[in-house]
Structures are given as C-alpha cells and as structure tokens.
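Each remark here refers to the structure printed beneath this line.
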Amino acid sequence: MPVEYEKKGHVAVITMNRPEARNAINGEMAETMEAAIDQMESDPDVWVGILTAVGKAFCAGADLKEISAGNGAALSTKKGGFAGIARRERTKPLIAAITGSALAGGTEVALSCDMIICADDTNFGLPEVKRSLVAGAGGLFRLPRVIGKAMALEVILTGDPLSSQRAYELGMVNKVVPEADVMAEAEKLAARITANAPLAVAASRTV
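Numbering of the sequence shown is given in the working numbering, commencing with residue 786 and proceeding in unit increments.
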C-alpha cells in the first residue's frame with residue numbers, strides 16, 4: 786500500500802510508502818491517504834495522528850509522470866483535495882514527522898498538518914514559480930497564515946528553499962532534531978496531547 790496505517794494506543798501513524806518515487810503523489814496514494822484519514826477520524830479510540838514517510842524524501846509533491854500522462858485529476862480526491870489531505874476537514878490533530886525534503890506539494894502536505902517535527906537537514910519550499918506553475922494545493926494561503934505575509938511571499942515568489950532551522954525561526958516548525966530522533970519526538974508530542982481529554986483537544990483545535 787502506498788499509504789500505511791498503524792494504531793499505537795491512542796495514536797494513529799500514517800506512513801507514505803512510495804520511496805522509489807520520493808513519495809510523489811499519484812492517484813493511488815491520494816485515495817489511500819484519504820482512507821487512512823477516514824480511519825483515524827472514525828475511530829473514537831484514536832485521539833491524534835502522526836503523518837510520516839519512508840525513504841529519503843518526505844514527499845516530492847505531485848507525480849509529474851502522472852500529470853504528463855493526463856492523470857492529474859486523480860491526484861486529488863473529492864473529500865480531501867490534493868493527496869487526499871490538502872482540503873480534508875478533520876477534528877483530530879495531525880503531526881507531520883518529516884525526514885528528507887518536503888518541496889512543492891510536499892510542503893503543502895506538511896502545511897495541511899497541525900504541527901511539524903522535522904530533521905535538521907529537511908528543506909521546505911514552493912518552487913512552482915521556477916517551473917511556470919502555481920502552488921495550488923493550499924500553500925499559497927496556508928504559508929502566509931503560518932509565517933506571515935511578507936516572508937511567505939518571499940518564499941512563494943522566489944521559489945527558493947526554506948531550511949528547517951529557518952522554518953523553525955519563522956514558526957512553521959515546532960521542533961528541529963537529528964533525523965534519527967524525528968519519530969521519537971513526534972511520538973513524545975503525541976503522548977503529551979493524548980494526556981488530555983480528547984473532546985477538549987478536538988474542540989480547542991477547531992477554534
């Protein structure tokens with residue numbers, strides 16, 4: 786499966802597993818991502834989720850081979866939008882645990898989560914303008930909300946990458962750690978959240 790689901794106590798771990806394509810989003814990945822989030826949302830015993838990935842990249846964005854083949858519409862789902870997550874309404878918090886690069890649609894997937902733990906060598910960015918494209922999966926409105934209009938426009942209009950440390954300084958990332966510690970840190974954060982009442986957490990998240 787290109788997206789795997791595992792339940793650990795009150796935590797759902799959703800893993801993108803298409804490393805041979807740098808976890809680029811194709812139709813099957815979008816559909817299985819949506820299904821995983823549906824499973825997380827529908828399970829009353831799951832209170833928080835972690836989104837992570839296998840391989841050297843968190844997510845390379847859209848699978849350009851799929852787009853070139855005329856299958857671009859399949860990269861979005863009716864409920865979730867791009868990657869099955871970009872427009873997905875959720876009640877439960879989702880932590881992105883990122884190792885490797887998260888560029889273009891990968892940054893947009895990360896921004897679709899509520900919190901981000903990343904490796905010290907992770908790069909973010911919306912390089913679409915360098916390819917005469919537009920970041921149309923939520924990055925154009927989410928990034929200004931997270932880091933402010935001026936800095937977001939610099940990232941968006943130059944297409945330049947954003948280092949993990951700079952993303953942390955700007956408030957986009959909760960914590961930067963060595964690659965080997967990313968998942969453990971995400972699990973620690975999830976444990977701190979699940980120590981609280983789940984209905985209060987869900988209500989507080991939606992305010």
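Glycine included, each C-beta is placed from N, C-alpha and C at the ideal position.
It should be emphasised that the depicted structure is a prediction, and the values quoted were computed from it without experimental measurement.
{"query": "Using a 10 Å radius around the Cβ and a threshold of 16 neighbouring Cβ atoms, would you call Pro877 buried or exposed?", "result": "Contrary to the premise, residue 877 reads as Lys rather than Pro in this sequence. Label assigned to Lys877: buried."}
{"query": "Which of the three DSSP states, helix, strand or coil, is assigned to Ile870?", "result": "coil"}
{"query": "Flag this pair as touching only if the stretch 906-920 and the stretch 859-868 have three or more C-beta atom pairs under 8 Å; answer yes or no.", "result": "no"}
{"query": "Looking only at its own chain, which residues have a Cβ that is under 6 Å from the Cβ of Gly944, when we skip the five neighbours before and after it?", "result": "Pro912, Val914, Lys915"}
{"query": "Tell me where the alpha helix (DSSP H) around Glu939 begins and ends.", "result": "934-943"}
{"query": "Can the beta-carbon of Ala922 be found closer than 8 Å to that of Gly866?", "result": "yes"}
{"query": "Do Ser949 and Val961 have their C-beta atoms closer together than 8 Å?", "result": "yes"}
{"query": "So does the stretch 824-832 actually touch the stretch 846-855, counting three or more Cβ pairs closer than 8 Å?", "result": "no"}
{"query": "What residue range is occupied by the uninterrupted alpha helix (DSSP H) comprising Gly891?", "result": "890-896"}
{"query": "Based on the DSSP secondary-structure assignment, which residues constitute the bridge partners of Val904?", "result": "The residue you asked about is not Val; residue 904 is Ala in the sequence shown. DSSP output for Ala904 lists Val962 as bridge partner(s)."}
{"query": "If we ignore side chains and look at the alpha-carbon of each, how far apart do Ile902 and Ser917 end up?", "result": "30 Å"}
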